[in-house]
Every structure is written in structure tokens, then in C-alpha cells.
Amino acid sequence: MSNDMTIQSVRQLTEQLRRMVERHFPFVWVRGEVGNLARPASGHFYFTLKDADAQLQCVWFRQQQRQRGTFDPLTGEVFETPPPAPEELLRQGAELICAGHVGIYAPRGQYQLVVELVQPAGQGGLAQAFEERKRRLAALGYFAQERKRRLPWNPARVALITSPHGAAIHDFWRLAGQRGQAARIRLYPATVQGDGAAPSIVRALETANAHALLPDGPQVIVLIRGGGSLEDLWAFNEQEVAEAVFRSRLPVLAGIGHEVDVTLADLTADVRAATPSHAAQLLWPTRQELFQLLDDMDAALFRCLQRRLERQELRLGSLARLLRAHAPQRQLERLESARGRLAAALRRAACEMLDRRQRQTDHLTRMLRSLWGPSRLTVPERESGALEERLRAALPRLLVRRRQDVFWWEQRLRAGGRQYTDRAQARLERLDVRLTACDPLAPLARGYALVADARGAVVHSVRQTHGGQELSIRLQDGALGVTVAQISPRSDTPPAATEGEG
Amino acid sequence: MKNSRNKIPADFEGRMERLQEIVTALEEGRLPLEEGMALYKEGVECSRLCREQLEKARHQMSVWQDGEEKDMTLTDAVSGRQPDEEESI
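The listed protein sequences correspond, in order, to chains E and R. Under my numbering, the residues of the first sequence are numbered 102 to 603, in order. Under my numbering, the residues of the second sequence are numbered 1233 to 1321, in order.
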């Protein structure tokens, strides 16, 4: 279906609806009461079928009416008396069963039943039988999409089941003539209408299936019948035919009647063609298509070859270039040039290294010079020479001087010592003289005496004595014990001082 | 991939299949050049034979009758067809 976002024209939408409706209701039976009946000059009937709850627009075209003729559409019985004319059948208020497909009449935007068959409601047995059978077979899975097989593509061996005398085989043959490969079509003749048609179709299906087991047996069964009235096609609604189609080992392609005709055999078949001609179209691609396919293959082949050759050529070219590139001469040249490059690089690197070192050395030298240059070194060197000279000269001098010092000091010590002893001697003599002079006993030698009391204390004055006192008088050669008999103090001088002088 | 020089099938589908196989193999392009060239030749031959077959293609009709296969020719004389049937597709 179309995208919701697309804005469609009324015509487009109606067209889609029409297709949908026609696909879903290709053939229906409807029962109802006739109303709004009209038959204009065209000869078509327009009417509604209605029941209590709904109504359905119907049209019965003149061409369809024409098909009703000399036999009963339901039984196939040939009428001895003509059937009721359409206008007799279609009367306002009549209860009818109509068969046909549902379509859409675009100019009025109206859906309608396009009637193919009309019968009085009383005679609805066949339609009911069809619907019941269809329900039953559907329940058995006869129409299930899952069991549908694909047709072999462009088959070479085809089993055709139809009448040898019908229109179908001619239509099929005519279309087949422009399509497919040269195929072998084997006809399994069958009666497709009237009594005995169903068993005949079943037999043909069984024979074709039996042949499928042979090496040259058919690959697919095509079951066709030309258009006709519903009753013409009735054999294809028989249960035994549907069963035989269902049982078929070979895939079955059915094309029965017109596009709007649907039989149970159609529904059971693996693929349904609208008509016998359509069956041929579904079975084989056109020759043009096949030629085109071959052209495509040829083109693909050529393209592949071309591409392959181009690729190989490219590869060859690149290999040749590689080979040239790897020739010994080229190799040598390449090596030589590489060597040259490397040598140059080496030289450059060496120069750079030397330069760098030189610059470093210069820099260091400059720094060194600024710190420890000869200008700075010469002075201390001279100084150190002189100092060394001086040091060398100083040592002996020092020794000499020290020796002189020692000698001098020795001299001085000796002299000093002598002086000291001399002086001490002299002093001693002087002291000795002085000492001798100071001896208290010395005067005794010259006649002086020393008076002392009983305790030994020297008596300096007469005041220290008293009458009768015992005293000692020391003379130069001994002592005399005396007793004071008289005391005569001198008037001017103290007796003691005189005595002391004494 | 069958190495089938001179083994082109006789029937149309077989040839078409072989042709398809060859095209696929060549499109994958993993074959040695020699083999590829051989396949290409075979493919061209297949294609030529198919084309011939198509150009000459005529369906044959036979009929199974009385337990055996018999030749059959369809003539338009045997026709109960109604004029509007052809236009029904």
C-alpha cells in the first residue's frame, strides 16, 4: 500500500481501492431482494440487492446476459424450452442469488457487484455447495500459502492437462511459442466439462505424477481450461479434483476460465494463473528476456575477462617496474647514493661535533683564563720564587742567629752567674760586716756590760729596777749576779736610755 | 568448481546453470589466469550454444494416449474458442 505521508489524488486512491476490492472479491455469491431496478437503452440492468440491514449496488451488463442461453448454467442441462428471459428473472422485489465480482465504479465512488449470473433464490444449492466445500478444504489446509511450491524456472518438460479440443490449449500454445527454451509439452487429455470431467482430470493428474518419476518425466503440471460459464467450470470445483491437485508431487499451475473465475482447483494449485495464456506467461520467460539474460551473461563474462586481464596487466607492469628497480645496477646506484648521503651526513656530523667541542674548549679556555690566566699566575710564581729564595736563605740565617743567641745567652748566663755570685759574695761580706758590727755582745769586748732581770729581759732603765732586786750582769767573759743596793736616776736623762747605749 | 573442459551440459538449463556458475567464479576472481581463460572460453561456448538453442527453440507437443506417447500437431482448425477469450488477460 502507499505511504501514509503521500498526498494522493482521488483517482489514485480509488484506483488502489478498486484493485484491492477486485483482488479480494473476485467471485462471490450474494443473496438479496431486488430493488431500484432500471434498464436504460444500453440494455444493462442496474439494481440493488438488499436485505433487512444493508443494500448492495449491482450491475448486470448486457454481454453477460447474452451468455445465458440454451442451457441451465447450474446443471449444464440443455433447455428444451428457453430459460426465463432476464427481464422476467429480474423483477422488483424478487429474491435472487447473484454471482459475480465486486468492483468499484470510480465516477460515482461507489462499490458494486458486477453480476455474471442470476438465479432465483430457490435454486441456490450449487452456490452453497461451493462455499461449504471451500470452507472445508480451507480448514484442511488446501489453500495454505505455506504449502505452495515455486514453479521450476523455464521448464523443459511440461505436463499439460486440458481438453485437446478446447480454446485453452490453443491460447496456451500460442503464448508459449514466443517464450522459454525449446520445451517438450506432453498433453494429458482430459474432459473438462460435463459428466465424467472430474474423474478424467484426476486420472490425468495421477498419470502425469506417475511419469514425474521417470528420468525424462515432466517437471511441472499445467492445468488449464478456457473461459465459460460457471457451470462449464464446475468440474474444477469438485472435491476429488481439488484433492488430486493437493496430492500432486509435481507443482501445479492452474489457469482456469477468466480472470474473475476462481475454482477450488485454482485455490489448491501451487500457482494460479488468471487464464490459460497467463499460465504460459507464468511458466516461461519470454525469448527476449532469455536473450537479454544471455547478453547480460556475455557482458559479465567479457567484463570479468577484461578486468582480469587489466588486473594481470597492471600486476605485470608493477612487477616489471619492481624488477627494474631491483636490477643490480640500480641496486648499486642506490647503495652508492645512500652511501654518499651517509658519508656527507657523517662529515657534517663530525664537523659539527668538532665545532661544538671547539666552541666548548674556547669557552672554557676563556673562563679559565679569566680565572687562572698566566697574568694571574706569573706574579705568584715570581713571588713564590723569591719567597722560596728567602725561605732557603732564612733557614741558615735563623740557625746561625739562634746559635748566636744561644751562645750569647750562654755568655750572659755565665757572666750573670758570675756577677750574681760575686755580688752575693760582696753583699754577704758587707752584710757580714754589718752583722758583725751589730752584734750586741761585741761591745762587751770593749768593756760594756749587759744587765738583765731574772727573766732574762734586758734592763734599759733604772726605773725598771727596784731595790733588792736580783739582776744579772753579763760581761765579755762571764756573768755577775748582783743585788740592787741603790738607785740613782740621772736628772736629765732617763736611766734606761743610758743603759741601753751601754 | 568442476574442472569441466568439454563437459558442457546438453540441456538449456544445464548450460544456463553452468554459465551462471562460470560468471560467478570469474567474478570472484580467485582463479589462476589460465583457468580463468579456460572458463571464459567455456562460458562463451555455453552462451553461444544457449543462444543457438533459443533461436531454434520450438516447443514440441506430444500427447499421452492409450498408455503411450504420440506426436501431436495443433491446428487452429480445432478450436472452439470464442472471440473474446484472448483479450481476457
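No residue lacks a Cβ here, since even glycine has one placed at the ideal position from N, Cα and C. Because the structure is a prediction, the values reported are computed rather than measured.
Exposed unless 16 or more other CB atoms sit within 10 angstroms - verdict on residue i
{"i": "Ala381 (chain E)", "result": "buried"}
{"i": "Phe508 (chain E)", "result": "exposed"}
{"i": "Ile618 (chain E)", "result": "Outside the modelled stretch of chain E, which goes from 102 to 603, sits residue 618 (chain E), for which no answer is possible."}
{"i": "Gln224 (chain E)", "result": "For Gln224 (chain E), the pLDDT reaches just 49, beneath the cut-off of 50, and the residue's location in the model is therefore unreliable, leaving the point undetermined."}
{"i": "Pro208 (chain E)", "result": "exposed"}
{"i": "Thr1305 (chain R)", "result": "exposed"}
{"i": "Tyr289 (chain E)", "result": "buried"}
{"i": "Ser1279 (chain R)", "result": "buried"}
{"i": "Cys1282 (chain R)", "result": "buried"}
{"i": "Met1248 (chain R)", "result": "buried"}
{"i": "Arg493 (chain E)", "result": "exposed"}
{"i": "His271 (chain E)", "result": "buried"}
{"i": "Ala311 (chain E)", "result": "exposed"}
{"i": "Asp317 (chain E)", "result": "exposed"}
{"i": "Asn255 (chain E)", "result": "buried"}
{"i": "Met106 (chain E)", "result": "exposed"}
{"i": "Thr263 (chain E)", "result": "buried"}
{"i": "Gln587 (chain E)", "result": "exposed"}
{"i": "Leu496 (chain E)", "result": "exposed"}
{"i": "Glu511 (chain E)", "result": "exposed"}
{"i": "Phe1244 (chain R)", "result": "buried"}
{"i": "Asp1303 (chain R)", "result": "exposed"}
{"i": "Ala426 (chain E)", "result": "exposed"}
{"i": "Ala428 (chain E)", "result": "exposed"}
{"i": "Arg112 (chain E)", "result": "exposed"}
{"i": "Gln413 (chain E)", "result": "exposed"}
{"i": "Asp154 (chain E)", "result": "exposed"}
{"i": "Trp473 (chain E)", "result": "exposed"}
{"i": "Leu488 (chain E)", "result": "exposed"}
Residue i vs residue j beta-carbon contact at 8 angstroms
{"i": "Thr364 (chain E)", "j": "Phe347 (chain E)", "result": "no"}
{"i": "Asn338 (chain E)", "j": "Phe244 (chain E)", "result": "no"}
{"i": "Leu306 (chain E)", "j": "Ala345 (chain E)", "result": "yes"}
{"i": "Val219 (chain E)", "j": "Val160 (chain E)", "result": "no"}
{"i": "Leu1251 (chain R)", "j": "Tyr1272 (chain R)", "result": "no"}
{"i": "Leu545 (chain E)", "j": "Gln577 (chain E)", "result": "yes"}
{"i": "Ala139 (chain E)", "j": "Phe148 (chain E)", "result": "yes"}
{"i": "Gln282 (chain E)", "j": "Leu1286 (chain R)", "result": "yes"}
{"i": "Ser301 (chain E)", "j": "Thr308 (chain E)", "result": "no"}
{"i": "Ala50 (chain E)", "j": "Glu188 (chain E)", "result": "The shown model of chain E, from 102 to 603, leaves out residue 50 (chain E), and the question about it has no answer."}
{"i": "Val342 (chain E)", "j": "Ala375 (chain E)", "result": "no"}
{"i": "Leu402 (chain E)", "j": "Val1276 (chain R)", "result": "yes"}
{"i": "Leu395 (chain E)", "j": "Val259 (chain E)", "result": "no"}
{"i": "Phe128 (chain E)", "j": "Asp362 (chain E)", "result": "yes"}
{"i": "Gly267 (chain E)", "j": "Gly356 (chain E)", "result": "no"}
{"i": "Ala605 (chain E)", "j": "Arg575 (chain E)", "result": "Summary: the structure shown does not reach residue 605 (chain E), with chain E confined to residues 102 through 603, and so no result is reported for it."}
{"i": "Ala269 (chain E)", "j": "Pro377 (chain E)", "result": "yes"}
{"i": "Gln213 (chain E)", "j": "Gln158 (chain E)", "result": "yes"}
{"i": "Ala371 (chain E)", "j": "Lys235 (chain E)", "result": "In the sequence under discussion, the amino acid at residue 371 (chain E) is Asp, which differs from the Ala named in the question. In this structure, Lys235 (chain E) does not lie closer than 8 angstroms to Asp371 (chain E) by Cβ."}
{"i": "Cys405 (chain E)", "j": "Val1255 (chain R)", "result": "yes"}
{"i": "Pro590 (chain E)", "j": "Val563 (chain E)", "result": "yes"}
{"i": "His145 (chain E)", "j": "Arg119 (chain E)", "result": "no"}
{"i": "Leu252 (chain E)", "j": "Leu391 (chain E)", "result": "no"}
{"i": "Val1295 (chain R)", "j": "Pro386 (chain E)", "result": "no"}
Supposed close pair residue i, residue j - CB separation, criterion 8 angstroms
{"i": "Glu134 (chain E)", "j": "Gly194 (chain E)", "result": "6 angstroms"}
{"i": "Leu261 (chain E)", "j": "Arg287 (chain E)", "result": "7 angstroms"}
{"i": "Ala1242 (chain R)", "j": "Arg388 (chain E)", "result": "No, Ala1242 (chain R) and Arg388 (chain E) are not in contact; Cβ-Cβ is about 20 angstroms, not under 8 angstroms."}
{"i": "Gly204 (chain E)", "j": "Glu123 (chain E)", "result": "6 angstroms"}
{"i": "Gly358 (chain E)", "j": "Gly329 (chain E)", "result": "6 angstroms"}
{"i": "Ala284 (chain E)", "j": "Ala240 (chain E)", "result": "With 8 angstroms as the limit, Ala284 (chain E) and Ala240 (chain E) do not qualify as a contact, their Cβ atoms being about 37 angstroms apart."}
{"i": "Val560 (chain E)", "j": "Thr566 (chain E)", "result": "6 angstroms"}
{"i": "Gly582 (chain E)", "j": "Glu571 (chain E)", "result": "7 angstroms"}
{"i": "Arg409 (chain E)", "j": "Gly1268 (chain R)", "result": "5 angstroms"}
{"i": "Ala313 (chain E)", "j": "Arg350 (chain E)", "result": "6 angstroms"}
### Contacting positions in the segment 1240-1260 of chain R - beta carbon closer than 8 angstroms to chain E
Asp1243, Phe1244, Glu1245, Met1248, Leu1251, Gln1252, Ile1254, Val1255, Leu1258, Glu1259
### Message
Extract the residue ranges of the alpha helix (DSSP H) inside the segment 259-335 of chain E, only unbroken runs of 4 or more that lie entirely within it.
### Response
268-277, 298-312
### Members of the segment 377-398 of chain E that neighbour chain R once the beta carbon cut-off is set at 7 angstroms
Ser378, His379, Arg388, Leu391, Phe392, Leu395, Met398
### Message
Short of 8 angstroms Cβ to Cβ, which residues in the segment 1290-1303 of chain R face chain E?
### Response
Arg1290, His1291, Gln1292, Met1293, Ser1294, Val1295, Trp1296, Gln1297, Glu1301
### Length at least 4, wholly inside the segment 338-396 of chain E: the alpha helix (DSSP H) runs in chain order
340-348, 365-369, 377-384
### Task
Mind checking the segment 284-314 of chain E against chain R and listing, in chain order, the residues whose C-beta falls within less than 7 angstroms of any C-beta there?
Ala284, Arg285, Ile286, Arg287, Leu288, Tyr289, Pro290, Thr308
### Task
Please name the residues in the segment 402-413 of chain E whose beta-carbon is closer than 8 angstroms to at least one beta-carbon of chain R, in chain order.
Leu402, Cys405, Leu406, Arg408, Arg409, Arg412, Gln413
### Query
Of the residues that make up the segment 1259-1282 of chain R, which ones have a beta carbon closer than 7 angstroms to any beta carbon in chain E?
Glu1259, Gly1261, Leu1265, Gly1268, Tyr1272, Gly1275, Val1276, Ser1279, Cys1282
### Query
Taking only runs of the beta strand (DSSP E) that begin and end inside the segment 136-167 of chain E, which ones reach a length of at least 3 residues, in chain order?
146-151, 156-161
### Query
If you measure beta-carbon to beta-carbon, which residues of the segment 183-205 of chain E are closer than 7 angstroms to chain R?
none
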